[in-house]
Structures are given as structure tokens and as C-alpha cells.
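Enquirer: One structure, as C-alpha cells, below. Some questions next.
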Amino acid sequence: MSTIITLNHVNQWYNKGKQSEVHALKDVSLEVEQGDYVAFFGPSGCGKTTMLYAISGIDRVTDGDILINDQNIAHLSNQELAIFRQTGIGIVFQQFNLVPSLTVLGNVALPMAFVGISKAKAEEEAWKLVKRLQLEQYAEHYPQELSGGQQQRVGIARALANNPPIIIADEPLGNLDSVNAKIALDILRELNEKDGRTIIMVTHEAWSLQDVRTIYHMKDGVILSVEHREPLPMNERTGKGLEDSAPKKAAEEGKKEASPENLSKMARILSNYFMRGHTVEETARFETLVTDRLSKKIDTKAFQETLDKSFKDGGVGLWKRKAERVASYIEKIVEKQKDLDATIELINQNPELTVEDEVKQLRKWITEEYVGTVSPYQNELLDEIINDRIHSFMTQDQFLTVLQRPVKQFGAGFPGHSAQIMAERLELILNGSQPYVPKQ
Ligand code: ADP
Ligand code: MG
Numbered sequence: 097m098s099t100i101i102t103l104n105h106v107n108q109w110y111n112k113g114k115q116s117e118v119h120a121l122k123d124v125s126l127e128v129e130q131g132d133y134v135a136f137f138g139p140s141g142c143g144k145t146t147m148l149y150a151i152s153g154i155d156r157v158t159d160g161d162i163l164i165n166d167q168n169i170a171h172l173s174n175q176e177l178a179i180f181r182q183t184g185i186g187i188v189f190q191q192f193n194l195v196p197s198l199t200v201l202g203n204v205a206l207p208m209a210f211v212g213i214s215k216a217k218a219e220e221e222a223w224k225l226v227k228r229l230q231l232e233q234y235a236e237h238y239p240q241e242l243s244g245g246q247q248q249r250v251g252i253a254r255a256l257a258n259n260p261p262i263i264i265a266d267e268p269l270g271n272l273d274s275v276n277a278k279i280a281l282d283i284l285r286e287l288n289e290k291d292g293r294t295i296i297m298v299t300h301e302a303w304s305l306q307d308v309r310t311i312y313h314m315k316d317g318v319i320l321s322v323e324h325r326e327p328l329p330m331n332e333r334t335g336k337g338l339e340d341s342a343p344k345k346a347a348e349e350g351k352k353e354a355s356p357e358n359l360s361k362m363a364r365i366l367s368n369y370f371m372r373g374h375t376v377e378e379t380a381r382f383e384t385l386v387t388d389r390l391s392k393k394i395d396t397k398a399f400q401e402t403l404d405k406s407f408k409d410g411g412v413g414l415w416k417r418k419a420e421r422v423a424s425y426i427e428k429i430v431e432k433q434k435d436l437d438a439t440i441e442l443i444n445q446n447p448e449l450t451v452e453d454e455v456k457q458l459r460k461w462i463t464e465e466y467v468g469t470v471s472p473y474q475n476e477l478l479d480e481i482i483n484d485r486i487h488s489f490m491t492q493d494q495f496l497t498v499l500q501r502p503v504k505q506f507g508a509g510f511p512g513h514s515a516q517i518m519a520e521r522l523e524l525i526l527n528g529s530q531p532y533v534p535k536q
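Heads up: the sequence shown begins at 97 in this note's numbering, then just goes up one per residue.
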């Protein structure tokens, strides 16, 4: 294997010397092997996007060296850097960044036109990419006529123009629903495995790490640790294609006793599945806890209590209902000494909501008896604070305060009494003492 990217003591400051100074990358050194599938992983604000902009030459770093194929991009002129960005690296942006006045084909052909390829040739190549991403029928459409998932695929097709050996994706699943997120992950995996391209992904969601082989855990501009792992085989992932393969395989092979290795695999599958939208730390703790339960180091009661307990008190910080649901799934696996295939089968039979969907349901439930209209702004704010509340980032009192605070002061602006009812309903649901059946 050869090294394709090297970072040597890279530092990045924003607004250096000013009061608003941010030291966004702190003495980062690392090497990426050609053909690897790498993720920078960590909470929001830890410097992931900054890292990606540094590697792709979008921003010049304050100091340190960045070598791509042994070429120091810090030494390139602006013009050379522009060419490097068009040919050396393909970038998939979270917000898609498509040009609204160009068709799908035009958007995909654009990076080729930039480097002087003739229009006819560029369009011919763009067609191939459009086909590869199964966008033929949309080739003449404009971005705004497409769904988020389709726009994302256009973004990927465009990143592949000029055939770059490195693909960089910034939160590629951030704006996608779970079906499209799985499709995007499958495409990235294929670009890595079939084409042998080096993939670098930036994410704050543990769920999107299922195919990644090298994970850099980041916090506050620092690489905390590097984790190397084998990705789960296709048939052991939750998602597309699984429905057929898993049960059949289980039937063919009969029941296997779970080895320690399989237990940790199971724990990982379960954490990929249940912890979507949770933080790095919560996910890691969940995985350890599940491994302990599967190997019967702890009993059901301790397991459920830890799931439920807030993170700062040593728990995973799930809200009560969710903790109960998760515990009951996992008990089924423990009871029957289920093997890996059966675990996947069980998951497929019981589709779990993502945190995002769950927040929306909770929001619907707590506002359903409110007689006024809820504005889009209020809905958005509600989602944000419900999310904070279920992760215990916010106390019950703080939640109520934001509900009542006037919109002008960035509150939700609900009348006092209504706000109180909403806050109470949320607590009842979170504590598990209220049936949780939102009206559609
Ligand atoms: P992440 O992508 O992990 O959420 P970022 O790389 O976007 O994190 O940001 C890292 C830090 O740098 C944050 O504190 C952020 O506020 C700051 N930052 C990012 N971009 C800028 C900028 N253009 N100007 C000033 N500060 C910035
Ligand atoms: Mg970012």
C-alpha cells in the first residue's frame, strides 16, 4: 500500500490575532493509504469540515504541510490549486451545491469544462456518470426539480467528473432520509471497493461509519485516536438487500453459538441501528453495554437502567420509552442465544425510528391539543429543543422557558399555559408514564 495523503503538523486558525480567533486544527499529523475508506468523526464544531477544506485545498492552512501524492499543496499557486481541486479530488458537499441554472447533465459536465475539455467530450463523459448513478431520466432536469436523494446523486456524479482518485464527502447523509442515506452509502462503498478510490468522509453520525476502515476520532481540533476495523460484510449490514439474504443464510447454516467476536459484531450492528443521530460518546458506551449484556456480564435490570440513565451519570442517556424498546429487542436476542443472522432478521422485522423521526413524532404528540397554529419556525425550534431534552442537554425547566420565551428573543413564543401543557406531556412520555401513540 502506498500513502496518498500526508498531513505534517497542520494548524488552522480562523481570525488569527483577533478576539474571535479559533484554533480549528491543532498540530494534526496523519497519513492516509491509497484505497482506504477513512472517516473524520466527532461532534459538531470539532474541525471536520476545516480538515476537509484543508485536504482538498479549498482553504490554505495557517501552517504545516499537506502532501497529496507527494505534492505539497501549500506550494501550489492559486491557479495550480484550482486545477488540483478539479482533477485530484472530487468533493460531495452536504448542501449538494449544484448550479441551479444548469441541468443535471450540465452540472456533471461543469468540472470537465473548467479544465478545458471540449463541451462535446465533457457531455459524453457526463452521460456515462449520469447513467452510472441511474439519473438518465433526469439528465435534462434542473436541480430544483429533483428530490434530495437525487440531488445528492448528481453531487456524487459531479464529484466523479475528471476521474479523481480521492473522493471527499462532507456529511454526505446529513440531508437525506434513511432510504436515500443507505443508497448514498452503497455508492460510496462501490466507489471504494470496485473503483479502488480513496474515500474520505466527514460525519458526526456513528451510523454512517458501517463501511469505513479507518476512523479518526476528533475533538476540539485534535485527533483523539485512530481506529482501524474491518467493515461488516454486505449481508451483515442493516439495510438494502438484507431482507432476502439474512433469513435464508440462517436457515442454511442452522443456529450458531455466538463467539466473542460475533458478540462484538452484533453489538456494532445494534449500535449502527439504534444509535442513529446520537453522539460518538453515547454510541461507544452503548456498544460496550450491549456487549456486556450479550455476554451476560450484566443482567436485564442493570442493562435497562444504564440505557436510561443520563450520560453524565454513566448511562447511555436514552429516554425511557426508547430504553424499554431497545432493551426488549436485545432481551429477545439474549434469551434465544440468537446468532448474527437472526439478529439481523430481528432488526428487519422491527424497523426502529431514527432519532429525527422520533423527535417529529414527539413534537406532533405534545402539540396535538394546541388550538393555535404552529409556524414552521416554531416546529423547527420544537424539534431542536425536544432533541436537546431527550438527550438531557436541557432540563425540564429550561425546556419550558424556551417554549414560553417570545419569538423575538429566539423562544418559541407559546402562551404560558399551552407551553406548560406541552412541557408536561413531554415529561410524561419521556418518563414512560404516558401511552405514546401520536395521532397521524
Ligand atoms: P465541524 O465540521 O466539525 O462541525 P468546523 O470545521 O466547521 O467543524 O469548525 C471548527 C471550528 O472552527 C468551530 O469552532 C467553528 O466555529 C470554527 N469555524 C469554522 N469555520 C470558520 C470561519 N470561516 N471563521 C471562523 N471560525 C470558523
Ligand atoms: Mg462540518
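No residue lacks a Cβ here, since even glycine has one placed at the ideal position from N, Cα and C.
Do you know whose CA, among L287, P327, D316, lies nearest W303's CA?
Expert: Minimum Cα distance to W303 is reached at P327.
Enquirer: In whole angstroms, give me the CA-to-CA distance for I169 and V188.
Expert: Answer to the nearest angstrom: the Cα atoms are 20 Å apart.
Enquirer: Consider the C-beta atom of V106 and the heavy atoms of the ligand ADP; say whether any pair is separated by less than 7 Å.
Expert: No; taking the cut-off as 7 Å, the Cβ of V106 has no heavy atom of the ligand ADP nearer than that.
Enquirer: So for L201, helix, strand or coil by DSSP?
Expert: It is helical.
Enquirer: Under the three-state reduction of DSSP, which class applies to H374: helix, strand or coil?
Expert: Correct three-state label for H374: coil.
Enquirer: Confirm, please, whether the CB-CB distance from V204 to V226 is below 8 Å.
Expert: Yes, the pair counts as a contact, with Cβ atoms nearer than the cut-off.
Enquirer: What are the uninterrupted segments assigned as beta strand (DSSP E) that are 3 or more residues long and contained completely in the stretch 259-293, given in chain order?
Expert: Counting only runs of 3 or more, we get 262-266.
Enquirer: Residues in the same chain with beta-carbon distance under 8 Å from I283, minus the five sequence neighbours each way, listed in chain order, please.
Expert: Taken in chain order, the residues that qualify are L229, R249, I252.
Enquirer: S197: which of E129, V322, Q240, I482 sits nearest, CA to CA?
Expert: For S197, the nearest C-alpha among the options comes from Q240.
Enquirer: In chain order, what residues place their C-beta within less than 5 Å of a heavy atom belonging to the ligand ADP?
Expert: Those satisfying the condition are, in chain order, Y110, V118, A120, S140, G141, C142, G143, K144, T145, T146.
Enquirer: What do you reckon, is the C-beta of E464 under 7 Å from a heavy atom of the ligand HEM?
Expert: No copy of the ligand HEM appears in this structure; the ligands present are the ligand ADP and the ligand MG.
Enquirer: Whole angstroms is fine: what's the gap from R254's alpha carbon to G141's?
Expert: Straight-line Cα distance between these residues: approximately 27 Å.
Enquirer: DSSP puts D159 in a beta bridge; with which residues?
Expert: Answer by DSSP bridge pairing, in chain order: N107.
Enquirer: Does the distance from the CB of Q457 to the CB of A423 come in under 8 Å?
Expert: Not a contact, by the Cβ cut-off of 8 Å.
Enquirer: Looking at C-beta atoms only, is the number of pairs between the stretch 376-387 and the stretch 452-466 that lie closer than 8 Å three or more?
Expert: No: fewer than three Cβ pairs fall under 8 Å.
Enquirer: Given 8 Å as the limit, is there contact between the stretch 386-399 and the stretch 481-500, that is, 3 or more CB pairs closer than that?
Expert: No contact exists between the stretch 386-399 and the stretch 481-500.
Enquirer: Return helix, strand or coil for L320, following the three-state DSSP convention.
Expert: Strand.
Enquirer: Rounding to the nearest angstrom, what Cα-Cα distance links K224 and L256 in this structure?
Expert: Distance between the alpha carbons of K224 and L256 is about 11 Å.
Enquirer: Give the DSSP-derived three-state secondary structure of N165 in the structure shown.
Expert: In this structure, N165 counts as coil in the three-state DSSP scheme.
Enquirer: Have a look at R417 and A150 and give me their C-alpha separation to the nearest angstrom.
Expert: Going from the Cα of R417 to the Cα of A150 covers about 43 Å.
Enquirer: Using 8 Å as the cut-off, can you tell me whether the stretch 358-370 makes contact with the stretch 402-409, which would need three or more C-beta pairs spanning the two stretches below that distance?
Expert: Flag = no, the stretch 358-370 and the stretch 402-409 do not touch.
Enquirer: Distance check for L414 and G337, CA to CA, integer angstroms please.
Expert: Note that G337 scores 35 on pLDDT, short of 50, meaning its location in the model is unreliable; the coordinates nonetheless yield the value given after this. Near 29 Å, if we compare the C-alpha coordinates of L414 and G337.
Enquirer: Taking C-alpha atoms, which residue in D291, P260, P261, D307 lies nearest to I279?
Expert: Of the listed residues, the one whose Cα sits closest to I279 is D307.
Enquirer: What residues are listed by DSSP as bridge partners for Y312?
Expert: Looking at the DSSP assignment, Y312 forms a beta bridge with F136, V322.
Enquirer: According to DSSP, simplified to helix, strand and coil, what is M297?
Expert: Three-state result, M297: strand.
Enquirer: Could you pull out every residue in the same chain whose Cβ sits closer than 8 Å to the Cβ of V322, ignoring the five residues on either side in sequence?
Expert: Correct list, in chain order: L126, T310, I311, Y312, H313.
Enquirer: What do you get for K361, buried or exposed, if any count of 16 or more other CB atoms within 10 angstroms of its CB means buried?
Expert: The residue in question, K361, is buried, as its Cβ has 16 or more Cβ neighbours within 10 Å.
Enquirer: Which residues mark the beginning and the end of the alpha helix (DSSP H) in which A218 is found?
Expert: Where A218 is concerned, the enclosing alpha helix (DSSP H) stretches over 215-228.
Enquirer: Taking the beta strand (DSSP E) that E129 belongs to, which residues open and close that run?
Expert: First-last of the beta strand (DSSP E) with E129: 118-129.
Enquirer: Taking 7 Å as the cut-off, is the CB of D58 close to at least one heavy atom of the ligand MG?
Expert: As shown, the chain starts at 97 and ends at 536. That puts residue 58 outside it, with no answer to give.
Enquirer: Going by C-alpha distance, which of R325, N483, I443, L172 is nearest G153?
Expert: Among R325, N483, I443, L172, the Cα nearest to that of G153 is on L172.
Enquirer: Going by DSSP, what residues sit across from G545 in a beta bridge?
Expert: Residue 545 is absent from the structure shown; the chain starts at 97 and stops at 536.
Enquirer: Between T102, R485, Y425, Q474, which lies nearest to V451 when the distance is taken from Cα to Cα?
Expert: Among T102, R485, Y425, Q474, the Cα nearest to that of V451 is on R485.
Enquirer: Rounded to whole angstroms, how far is the Cβ of G317 from the Cβ of N276, which I believe are closer than 8 Å?
Expert: About 31 Å separates the two Cβ atoms, so there is no contact after all.
Enquirer: Kindly give me the distance between the Cβ atoms of I295 and V134, rounded to whole angstroms, as I take these residues to be in contact under 8 Å.
Expert: Contact holds; Cβ gap of about 7 Å.
Enquirer: If I follow the unbroken alpha helix (DSSP H) through L148, where does it start and stop?
Expert: Where L148 is concerned, the enclosing alpha helix (DSSP H) stretches over 144-151.
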